[in-house]
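Under the numbering used here, think of the first position of the sequence shown as 18, with each following residue one higher.
Virtual Cβ for every residue (Gly too), placed ideally from N, Cα, C.
Written below as structure tokens is the structure these notes are about.
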Amino acid sequence: MVQDAVGYYKIALKEAELLKWGEKVFLLNIKLGQSFSKLSKYEEALVYLKHAEAMADMQQPEEEQAKLFSLLGAVYESLGSYTQAFDYQLKSLSSREAQGDSLGIAECLYKLGSLFYYQKKYYEALTYYQRALDICEKNESISPKYLFNCLSALGSTYEEMDRQNESLAYNLRAQDIAIKTGNDRNKAYAMLNIGENYTNLGSFVKAKESFLEALALSQKLGIQRAEILSYQRLGELFLKLDRAEEAAGHLYRAYYLCRDTGSKTLMLEVLELLARAHEATYNYEAANAYLREYAVMKDSMLNETTVKEITRLGALYELEKKETAISLFQTERELSAAKQQADRLTTYLLIGASTLLLLLCAGLFYWVVNQRRSNRLLQQLNDQIETQNRQLQSYNEELRQYAYAASHDLQEPLRTIGSFVTILGRKYADHLDGQAQQYMGYITDGVTRLQQLLRDLLAYTRIEREKTDFELLSSRSVVQSVLSGLQESIRESNVNIIVDEPSLPLIYGNSTRLSQVFQNLISNAVKFRGETDPLVEIGCMTSTDKGEYVFYVRDNGIGIPDDFRERMFEMFTRLHARDEYEGSGTGLATCRKIIDNHGGRIWAESEPGMGSVVLFTLPIPDVADGAVKAHFSRAAAF
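Have a look at this one:
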């Protein structure tokens with residue numbers, strides 16, 4: 018339904034812009050930003066909210082401006098840009114204080130507290146939550162739900178600080194508000210928090226009563242998350258009481274609910290608790306099964322988190338580019354208007370020059386004023402471009418540093434784990450039964466795969482970090498060198514390699530990096546073979562109208578599904594399971610990065626089961642030497 022609203026808002030926005038209804042344009046941009054935010058499309062949301070922000074000082078309603086700043090803060094918070102989120106929430110707070118809007122002030126203070134809470138700055142969070150609570154308590158006109166939220170937030174913050182008695186006091190007050198207002202949903206969550214407090218304080222009987230009451234309410238209202246949390250915390254409580262079988266019963270219910278709802282974060286906690294429960298009953302096989310499931314899910318979520326973080330930084334980078342384009346467009350429009358005005362004045366001056374000298378002087382004066390205004394706008398444009406370029410460079414560097422740290426700094430602890438597992442295997446080999454040896458093998462295999470993944474990621478980041486020297490070189494020599502290095506693998510796989518050597522031209526690039534591209538593509542052609550012996554064809558075509566060479570590596574393998582061809586050049590993207598085909602999913606992403614750095618592009622064409630061809634382009638060098646040009650002319654026409 019929100020998606021439908023977006024379509025109608027866009028139509029209304031176009032009409033408002035045509036009719037030049039400034040306030041309507043401002044409000045519709047806010048509506049679109051809010052709608053995209055609900056759809057978790059934060060980049061699109063920021064585009065519309067930034068449009069609205071550009072109009073904020075044009076006599077727009079103060080209440081809507083405060084709402085705009087608060088929305089901008091929330092979107093930046095979702096993108097992880099806490100500094101910008103904090104700045105916008107402060108702007109919203111200032112605007113609402115000027116209006117005397119008590120509810121708006123309380124909301125801003127609550128959001129500021131949450132910003133500090135998510136950054137684990139609990140003392141700062143307490144300050145803002147307490148100020149919000151004071152306002153809610155003093156104003157009877159404010160809905161009790163805001164009072165409940167403030168009390169719960171303070172309870173959670175004190176719990177994180179391990180100040181359980183203070184946390185319990187606020188959670189009991191929150192429960193009282195939920196009971197008085199008849200809000201059973203809030204009461205269920207309050208009971209969960211209270212049960213957690215009693216567990217931490219060692220009051221296990223009261224904790225059990227609280228969790229059971231929360232469970233009954235969540236089942237009655239159909240609140241699945243609260244139901245999962247109730248079963249999970251009951252399981253954890255019974256584990257502390259050394260009643261592992263009862264704990265497992267509750268945890269099984271939480272497990273199946275997590276599986277039905279797809280809640281991965283809660284599932285991780287449940288899997289770990291289930292493993293502990295089975296270990297306590299000496300059922301090591303079941304405990305190991307849940308630990309393996311935990312490890313697989315943790316590995317999957319780690320990859321998802323890494324990709325999301327890289328995507329988030331990339332989104333911020335793209336957003337800055339969009340904001341730059343919008344700013345350029347607005348400034349150019351102002352410059353154009355100023356120029357048109359100056360041109361009109363100049364025309365009037367020429368017409369009246371012979372009769373009205375005074376008008377001429379006045380016209381000249383206005384022309385100078387407009388010229389100065391144009392100069393100021395140009396200077397502002399240059400300053401904006403310089404500032405935004407610095408921000409783009411900062412985001413780019415942050416992205417590279419994150420990937421480099423993830424791939425480089427994690428290798429040392431992995432080596433330590435691998436080394437100690439090897440030592441344990443050697444030293445205690447005679448004391449370990451077959452199952453224990455199998456578990457040791459699982460650990461070693463996992464460490465090996467993660468080390469390879471990190472090595473591949475490190476190699477990927479080095480493409481950007483290391484200085485690469487380009488030179489004029491023979492693509493024929495590059496291919497021959499790669500095939501020479503793969504000779505043993507080619508012979509063992511019975512591969513037939515066909516190279517159209519006359520078509521391979523001189524190119525401008527880095528021999529090491531381009532060798533890496535050909536090696537990855539040829540290795541993939543051999544790896545993803547069909548039932549017949551592999552056949553690999555390598556050659557080049559010339560696209561003279563585009564000024565580029567088109568290289569190809571064609572095979573007769575298993576092919577590539579249509580829906581995978583767009584994603585196959587992304588990091589960590591795998592079509593097949595690891596037990597079918599080895600690899601970390603970084604090879605083709607590395608190829609794309611290298612080709613991008615050489616000014617080309619890369620793509621794939623295929624029919625499943627009929628083989629595939631990977632193509633990439635490189636610019637034709639502008640070389641004056643006749644012999645080199647003669648060599649270029651021998652390449653086949655595209």
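Classification of residue i by the beta-carbon crowding that lies within 10 angstroms, buried from 16 upward
i	result
Tyr-459	exposed
Val-19	exposed
Gln-397	exposed
Lys-281	exposed
Arg-493	buried
Gly-564	exposed
Ala-115	exposed
Leu-30	buried
Phe-437	exposed
His-448	exposed
Ile-28	exposed
Pro-522	buried
Ala-594	The predicted model places Ala-594 with a pLDDT of 48, which falls under 50 and marks its position as unreliable; any figure quoted below should be read in that light. Label assigned to Ala-594: exposed.
Gln-455	exposed
Gln-82	buried
Ile-539	buried
CB of residue i within 8 Å of CB of residue j, strictly
i	j	result
Tyr-311	Leu-285	yes
Ser-109	Gly-90	yes
Ser-528	Ile-577	no
Val-631	Ile-612	no
Ala-207	Ala-195	yes
Asn-214	Gln-181	yes
Leu-143	Leu-120	no
Gly-168	Arg-190	Inspection of the sequence shows that residue 168 is occupied by Leu rather than by Gly. Yes; because the gap between Cβ atoms is below 8 Å, this pair is in contact.
Tyr-59	Ser-95	yes
Tyr-139	Leu-129	no
Pro-638	Tyr-525	yes
Glu-244	Leu-274	yes
Tyr-163	Ala-205	no
Gln-79	Ser-112	The identity of residue 79 in the sequence shown is Glu, whereas the question assumes Gln. In this structure, Ser-112 lies closer than 8 Å to Glu-79 by Cβ.
Ala-102	Leu-126	no
Ala-294	Ala-265	yes
Ala-297	Leu-238	no
Tyr-99	Leu-132	yes
Val-23	Phe-53	yes
Leu-232	Ser-247	yes
Tyr-566	Thr-559	yes
Leu-254	Asp-201	no
Run of the alpha helix (DSSP H) containing residue i, from where it starts to where it stops
i	result
Gly-39	39 to 55
Thr-144	139 to 155
Val-512	Neither: Val-512 is in no alpha helix (DSSP H) and is coded neither H nor E.
Ile-619	No alpha helix (DSSP H) holds Ile-619; the beta strand (DSSP E) holding it covers 619 to 623.
Ser-131	119 to 135
Leu-258	Run containing Leu-258: none; DSSP gives neither H nor E here.
Ile-656	Any answer about residue 656 is impossible in this case: the structure gives the chain only from 18 up to 655.
His-295	281 to 297
Ile-575	No alpha helix (DSSP H) holds Ile-575; DSSP gives it neither H nor E.
Asp-21	19 to 36
Ala-62	59 to 71
Gln-236	221 to 238
Residue(s) in a DSSP beta bridge with residue i
i	result
Tyr-99	Looking at the DSSP assignment, Tyr-99 forms no beta bridge with any residue, so it has no partner.
Val-499	Note: Val-499 sits in no beta bridge, so no partner.
Glu-488	Gly-526
Tyr-566	Thr-559, Leu-635
Ala-453	Answer by DSSP bridge pairing: none, since Ala-453 is not bridged.
Leu-552	Asn-513
Asp-201	BP columns for Asp-201 are empty, so no partner.
Val-630	Arg-571, Glu-622
First through last residue of the beta strand (DSSP E) which encompasses residue i
i	result
Val-524	Here the sequence assigns Ile to residue 524, which means Val is not the residue at that position. 523 to 526 is the span of the beta strand (DSSP E), which, as asked, contains Ile-524.
Glu-177	Looking at the DSSP string, Glu-177 is not in any beta strand (DSSP E); the run it does join, the alpha helix (DSSP H), is 161 to 177.
For residue j and residue i, believed in contact at Cβ under 8 Å, the rounded distance
i	j	result
Lys-41	Tyr-26	Not a contact, Cβ separation roughly 11 Å.
Thr-174	Tyr-134	6 Å
Ser-629	Asp-572	6 Å
Thr-607	Asn-537	7 Å
Asp-550	Asn-511	5 Å
Gly-617	Leu-605	Not a contact, Cβ separation roughly 14 Å.
Phe-228	Arg-260	Between Arg-260 and Phe-228 the Cβ distance is about 14 Å, and since that is not below 8 Å, they are no contact.
Val-516	Ile-555	5 Å
Gly-50	Ala-62	5 Å
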